[in-house]
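> Take this structure first; my questions come after.
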Amino acid sequence: MQWVLQPLEDTQKLAAALTALGLPFTWHKVIPFVGDLVPEPTIRDPHAVVLFGAYALWRYAERRRLRPGVFKIRPFVHEPAWQASLLNGPGARFMRLDEVPGRLTGGDGEGDGDDGPDDAWFVRPVDDSKALPGGVRTVAEIRAMAVRVLALDPGEIPDGTLRPDTALMLTPPARIAQEWRVWVVEDRIVTASLYRQGRRVVYRPGIDADARAFAETLVAANPGYAPAYVMDVCRTAAGLRLVETNCVNAAGFYAADLIPLAAAIDALGLAAA
47 MQWVLQPLED TQKLAAALTA LGLPFTWHKV IPFVGDLVPE PTIRDPHAVV
97 LFGAYALWRY AERRRLRPGV FKIRPFVHEP AWQASLLNGP GARFMRLDEV
147 PGRLTGGDGE GDGDDGPDDA WFVRPVDDSK ALPGGVRTVA EIRAMAVRVL
197 ALDPGEIPDG TLRPDTALML TPPARIAQEW RVWVVEDRIV TASLYRQGRR
247 VVYRPGIDAD ARAFAETLVA ANPGYAPAYV MDVCRTAAGL RLVETNCVNA
297 AGFYAADLIP LAAAIDALGL AAA
């Protein structure tokens, strides 16, 4: 596999793992809004190239027809096999950004719901677009965000950011006791990391045995979802739940052991050769 890396804090960790495995890689800066790489990589085999860095690298991979390039994934909220296990599934509302002012009440008599301006929702894009980090925001904050975007001319909106047609998922906030990230390659968990303990950010390698078993059940229930992806699972008072999935090429590594991850992804290139 040919490894093309954008210099970031997390990709520095990945580079260390690649070095330990004796796998070569090259560094390339990304030109904002254009997406070209500097220096331009010399591609040996377009069917055995992987890029790690910003999510927007998928555009470069698509333009150059590089495979696997960036492992794009389907919206996890629409996967039937995972519906019963979603943390933010029950009570979810789906709307485009340009529908927010008309559908969320802002305390000004507008909107078609009964939300108050201080009511809170967990909000994230339906697609794994990185246009908005998932998080809890008040109705007033969500409306203000939508109004700011809708006030822009289409040409003023950078690629990869919120747009009027961005599909959003809004769900009631849930209390999380622990949250882990697991990395899946070819339907197998290859590494994992804790990254939240209650309200505290805690990075620790590994995952509790019952949480790993839960994640393995989810992976087995939806085989072939993607050759490689990230899955976040959590512990709540109601039990273990699936938080979300993310693109492996642009997801934070936390305290994961990256050597087995790099080895597993590199093996995909060997299989394609």
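All residue numbers for the sequence shown refer to this note's numbering, where the first residue is 47 and numbers rise by one.
Built from N, CA and C at the ideal position, the CB exists for glycine as well.
1. Tell me where the beta strand (DSSP E) around Q58 begins and ends.
2. Give me the Cβ distance between V289 and L133, rounded to the nearest whole Å; I'm assuming they're in contact under 8 Å.
3. List the residues that DSSP assigns as beta-bridge partners of S333.
4. Spatial neighbours of E156 within its chain, please: CB distance less than 6 Å, with the 5 preceding and 5 following residues excluded, ordered by chain position.
5. Going by DSSP in three states, Q48 sits in which element: helix, strand or coil?
6. Any contact between the region 303-311 and the region 58-76? By contact I mean 3 or more CB pairs, one from each, below 8 Å.
7. Quick check on DSSP: helix, strand or coil for G148?
8. DSSP puts Y275 in a beta bridge; with which residues?
9. Are the region 237-256 and the region 75-95 touching, with three or more C-beta to C-beta distances below 8 Å?
10. As an exercise, report each continuous beta strand (DSSP E) stretch of at least 3 residues that is fully enclosed by the region 81-110, in chain order.
11. At which residue ranges does the region 171-209 contain complete alpha helix (DSSP H) runs of 4 or more residues, listed in the order of the chain?
In short, the structure shows the following:
1. If you number the sequence shown from 1, residue 58 lands on position 12. Taken as a continuous stretch (DSSP letters only), Q58 belongs to no beta strand (DSSP E), being part of the alpha helix (DSSP H) at 55-67.
2. As a working note, residue 289 is residue 243 in the sequence shown. As a working note, residue 133 is residue 87 in the sequence shown. At roughly 5 Å, the Cβ-Cβ gap stays under 8 Å, so V289 and L133 are in contact.
3. Shown here, the chain extends from 47 to 319; a query on residue 333 therefore has no answer.
4. Within the sequence shown, residue 156 is the residue found at index 110, counting from 1. In this prediction, E156 scores a pLDDT of 49, lower than 50, which makes its location untrustworthy; no coordinate-derived value is stated.
5. Here the question's residue 48 lines up with position 2 in the sequence shown. Q48 falls in the strand class under three-state DSSP.
6. Short answer: they touch.
7. On the sequence shown, residue 148 is found 102 positions in, with the first residue counted as 1. In the three-state reduction of the DSSP assignment, G148 falls in the helix class.
8. Walking along the sequence shown from the start, residue 275 turns up at place 229. Per DSSP, the beta bridge partners of Y275 are V230.
9. Result no; under three Cβ-Cβ pairs closer than 8 Å.
10. Within the region 81-110, the runs of beta strand (DSSP E) at least 3 residues long that lie entirely inside it are, in chain order, 95-98.
11. Runs found: 185-196.
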